[in-house]
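What follows is a set of notes on a single structure, which appears directly below.
Numbering (the numbering used here), first residue to last: 68 to 172.
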């Protein structure tokens with residue numbers, strides 16, 4: 068939907084969290100590509116980058132940025148008829164993070 072921004076920046080417990088739809092996925096790129104994408108879409112590095120578009124779940128750290136892709140709850144990549152995944156990002160006081168990717172079904 069062209070009416071909706073493709074990227075958002077929020078702050079929780081002093082952590083900069085970038086939310087973006089169409090950025091590269093961790094398995095398809097390098098740290099340099101993520102750094103360039105964060106600069107272009109979010110104005111610079113973030114502590115956590117949550118992205119989508121690929122429907123391929125994953126959690127990886129590039130430098131100081133935690134990159135999370137929850138996958139897709141209804142249409143996992145290349146797996147027609149298979150339950151998908153969702154992600155839970157918990158941020159405790161003081162900015163302590165935990166991430167869980169949950170396989171549905």
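Using N, Cα and C, we set each Cβ at its ideal position, and we do this for glycine too.
Only a predicted model underlies this, so the values are computations on that prediction, with no experimental measurement involved.
Query, Result
"Option nearest residue 173 by Cα separation, candidates 138, 104, 100 and 85", "Residue 173 is absent from the model: the chain starts at 68 and stops at 172."
"Helix, strand or coil at residue 98 according to DSSP, with G and I counted as helix", "helix"
"C-beta contact flag for residue 133 and residue 110 at 8 Å", "no"
"Residue environment, residue 78, which counts as buried when at least 16 other CB atoms sit within 10 Å", "exposed"
"Three-pair Cβ contact test at 8 Å for the stretch 121 to 131 versus the stretch 156 to 163", "no"
"DSSP three-state assignment for residue 141, whether helix, strand or coil", "coil"
"Beta-bridge partners of residue 166, as assigned by DSSP", "156"
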